[in-house]
Amino acid sequence: MCNLNLKIEEFKRISKLADSTKINYLRGLKSFCNFLSQKLNCKVEEINLREIHVIRLNSGDIYTPINSTLLDEFLYEKASAGVSYHKLNSLSSALKSFFKFLYRNDNFPDVTSSMRFDLKKYKDRRKPIRILSKHETLRLFHSIVTHSDNIFNEAVLFSLLFSTGMRISELLGVKVNELDLESDMLLLKKTKTKKARVVALRNGFGDVLKHYIKINMLSDCDYLFNKNGKKLSNGDVRSILNIYIQKANLPHVTIHSIRHSFATYMIDAGASIFIVQQLLGHEFISSTEHYINPNYTRNKNITIHEHQYVYKKVEGIINSVCKNE
3 MCNLNLKIEE FKRISKLADS TKINYLRGLK SFCNFLSQKL NCKVEEINLR EIHVIRLNSG
63 DIYTPINSTL LDEFLYEKAS AGVSYHKLNS LSSALKSFFK FLYRNDNFPD VTSSMRFDLK
123 KYKDRRKPIR ILSKHETLRL FHSIVTHSDN IFNEAVLFSL LFSTGMRISE LLGVKVNELD
183 LESDMLLLKK TKTKKARVVA LRNGFGDVLK HYIKINMLSD CDYLFNKNGK KLSNGDVRSI
243 LNIYIQKANL PHVTIHSIRH SFATYMIDAG ASIFIVQQLL GHEFISSTEH YINPNYTRNK
303 NITIHEHQYV YKKVEGIINS VCKNE
């Protein structure tokens, strides 16, 4: 017996994937469950991976396990429905990760090794990540300064995202005791690659965080960004970002766009791609190359009244920190 539903729960409990990756994979596996449920005309809870196909013989029925044909059919169906390359890649990765898990833990055949679905054919469906130019970044911060009811906390949050290039899941996982405020550094223990790394903050930002911790009355074991003692979620930050993007009349961007923006700004400033790779925490240089936007519109030496207002506001925040130290 290899109940699909139970095995997915086991995969969820045991696998050591990053939380964000696990959430995406589980979403993909749920879609696969629904596909099989319709295909086999049974409830999701009844799907047994060892008894997918039935061969009718005079001597009785013989059941055979799932094979790669159904996996291919699932992905082709999604592709025919116009699903993006990114989503197809995520679905394919979810299936491969799950069946490798079954192979390791249940000696179940890894049927993904014989899949014929060619993901490369759908690469032209990839949409370039929309990044914010420097001009647009200043407009975003102007929107925060102008409209926020929690200006200091939100300015700190987005300043860290824009100045470090951290993944949002990494930043939201940071606890106070992982900060080295005297050295303007923080230790990321929970990363997508499962490898801890040190992140350098802007000079003097440790003092800003000292003030942030003080006014929010955070203890060492608290998450740096939390709501009522609970860690802020990606959705919380996404909602906050969307508000200020709309108020600034900027095109829609995702939180992850900030990370891409950081990489492009660094290259634009003359940083080596290998330095950017280290800052982003990428294992492979090819990942970093994907982050750099070749069509980035640069905005140098811009002097606009509203931007000077932002600078003065930020300077005022820093000055208030110094007075309270």
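So for the sequence shown, this note's numbering puts the first residue at 3; every next one is plus one.
All C-beta atoms in this analysis are idealised placements derived from N, C-alpha and C, irrespective of residue type, glycine included.
Bear in mind the structure is a predicted one, so any value in this text is a computation, not a measurement.
Evaluate residue i with the Cβ neighbour count: other Cβ atoms within 10 Å of its Cβ, from every protein chain shown; 16 or more gives buried, anything less gives exposed.
| i | result |
| --- | --- |
| Arg261 | buried |
| Arg141 | buried |
| Met168 | buried |
| Gly84 | exposed |
| Lys80 | buried |
| Val147 | buried |
| Ala198 | exposed |
| Lys88 | A quick correction: the sequence has His, not Lys, at residue 88. By the 10 Å Cβ count, His88 comes out exposed. |
| Ser185 | exposed |
| Ile277 | exposed |
| Phe286 | exposed |
| Thr195 | exposed |
| Gly283 | buried |
| Gly364 | Nothing about residue 364 can be reported from this structure: the residues present for the chain run from 3 to 327 only. |
| Ala157 | buried |
| Ser116 | exposed |
| Glu11 | exposed |
| Ile269 | buried |
| Ser94 | buried |
| Glu180 | buried |
| Thr139 | buried |
| Ile217 | exposed |
Does the distance from the CB of residue i to the CB of residue j come in under 8 Å?
| i | j | result |
| --- | --- | --- |
| Tyr246 | Ser145 | yes |
| Met219 | Leu203 | no |
| Thr166 | Val201 | yes |
| Leu134 | Val255 | yes |
| Leu77 | Phe110 | no |
| Phe164 | Phe264 | yes |
| Ile68 | Leu90 | no |
| Gln279 | Thr290 | yes |
| Leu183 | Gly206 | no |
| Phe154 | Tyr225 | no |
| Cys44 | Leu6 | no |
| Asp222 | Val178 | yes |
| Ser92 | Asn26 | yes |
| Asp108 | Cys4 | yes |
| Leu173 | Leu162 | yes |
Does DSSP put residue i in a helix, in a strand, or in coil?
| i | result |
| --- | --- |
| Leu38 | helix |
| Lys80 | helix |
| Met187 | strand |
| Lys136 | helix |
| Lys177 | strand |
| Val200 | strand |
| Asn91 | helix |
| Asp74 | helix |
| Asp120 | coil |
| Thr66 | strand |
| Asn43 | coil |
| Asp182 | strand |
| Asn109 | coil |
| Asn26 | helix |
| Asn205 | coil |
| Arg15 | helix |
| Asn5 | strand |
| Lys192 | coil |
| Lys302 | Residue placement at Lys302 is flagged as unreliable, the pLDDT there being 41, under the threshold of 50; a coordinate-derived value is accordingly withheld. |
| Asp21 | helix |
I believe residue i touches residue j by the beta-carbon criterion, under 8 Å. Please report the beta-carbon distance rounded to the nearest angstrom.
| i | j | result |
| --- | --- | --- |
| Lys191 | Leu104 | So it is not a contact: roughly 29 Å between Cβ atoms. |
| Thr71 | Leu97 | 13 Å between Cβ atoms; not a contact. |
| Gly31 | Phe100 | In the sequence as displayed, the identity of residue 31 is Leu instead of Gly. That belief holds up - the Cβ atoms of Leu31 and Phe100 are roughly 6 Å apart, short of 8 Å. |
| Ile54 | Ser39 | So it is not a contact: roughly 12 Å between Cβ atoms. |
| His149 | Lys249 | 5 Å |
| Ser259 | Arg132 | 6 Å |
| Ile257 | Leu234 | Ile257 to Leu234, Cβ: 12 Å. No contact. |
If we require 4 or more residues per run, which alpha helix (DSSP H) segments fall completely within the stretch 217–284? 236–249, 257–270 and 275–282
Review point. Of all the alpha helix (DSSP H) runs that stay within the bounds of the stretch 141–174, which reach a length of 4 or more residues?
Key: 153–166 and 170–174
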